[in-house]
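Asker:
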Amino acid sequence: MFRMFRKYQTLPTHNSESIVSMESLSNVKPTLPLEQASAALYALYPNYNAFKLGQWYWANGAQKSQYSFQSLLKVIGGKGFNPDNVHGVNWASINSHLGPNDWDGNDGWEDADAGWHVSFITVEVPFHRNFLYPGIHEFTVKSFYQCSLVSVIHEKLELKVMDIPHFHLEPFEPMWQPGPQEELMHLH
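When you read off a place in the sequence shown, starting at 1, and then add 245, the result is the number in our numbering.
Have a look at this one:
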């Protein structure tokens, strides 16, 4: 259609474009009945109002601030907010599905084979001269879990092709031929 293509040095073993459909290329949302649209759009949340409250709760961290409070006021004071939509929502059930990690309840989740390490780190935090205790203060995190970025990338690339459908595994040159009689051009 646009006369763009890829030039490979060897025949590719995987076509990451094979799973692309017209729906995935379009920004026009398919129309669904309201009940199905709510379920599809807001996952565990029963409706938009519950989703917005859940988003406020999870996005602003454990310690709430004046800024966070203003964000909450925008949610509950927003056009279309209906308190009846959040009354009776099972927040504990929703949060239990959103909050857990793979390592919750598992001492030693830092699998050495996966490259995880636990260590102590000390961070120097500067405080303004108008604070009660100005200057640089050190804070120590006693159980800081870390993993090398290289090991994460290595692990991801070792997966089967079906687990990484959007990865381009072979190098290619993007090319363009403006017309049938025109010379090939490299795209950058």
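Note that CB positions come from ideal geometry on N, CA and C, so glycine has one too.
(1) Label N272 either buried or exposed according to how many other C-beta atoms from any shown protein chain fall within 10 Å of its C-beta, with 16 as the threshold for buried.
(2) Answer with buried or exposed for V331, where buried requires no fewer than 16 other C-beta atoms within 10 angstroms of its C-beta.
(3) Where does K297 land, buried or exposed, given buried means 16+ other C-beta within 10 angstroms?
(4) For M430, which residues in the same chain have their Cβ closer than 8 Å to its Cβ, ignoring the five residues on either side in sequence?
(5) So A295 packs on V334, CB below 8 Å; how close in whole Å?
(6) For Y290, count neighbouring C-beta atoms within 10 Å of its own C-beta (all shown protein chains included) and say buried if the count is 16 or more, exposed if not.
(7) Assuming V386 and I366 form a contact by the criterion Cβ under 8 Å, report the distance between their Cβ atoms to the nearest whole angstrom.
(8) For V370, collect the residues of the same chain with a Cβ closer than 8 Å to its Cβ; drop the 5 residues on either side in sequence, then sort them by chain order.
(9) Sort P328, R374, N340 and F417 by Cα distance to Y293 and report the nearest one.
(10) Decide if G299 is buried, meaning its Cβ has at least 16 other Cβ atoms within 10 Å, or exposed.
(11) Once DSSP output is grouped into helix, strand and coil, what is the label at K309?
(12) What do you reckon, are the CB atoms on V368 and Y390 nearer than 8 Å?
(13) With which residues is I366 paired in a DSSP beta bridge?
(14) When you compare each of S269, W303 and F247 to N340 by their alpha carbons, which one comes out closest?
(15) What did DSSP end up calling H259 once you bin it into helix, strand or coil?
(16) Rounded to the nearest angstrom, what separates Y312 and P257 at their Cα positions?
(17) To the nearest angstrom, how far is the alpha carbon of E403 from that of S338?
Answerer: This is what the structure gives:
(1) exposed
(2) buried
(3) buried
(4) M420, W421, Q422 and P423
(5) 5 Å
(6) buried
(7) 5 Å
(8) I381, H382, E383 and F384
(9) P328
(10) buried
(11) coil
(12) no
(13) V386
(14) W303
(15) coil
(16) 51 Å
(17) 35 Å
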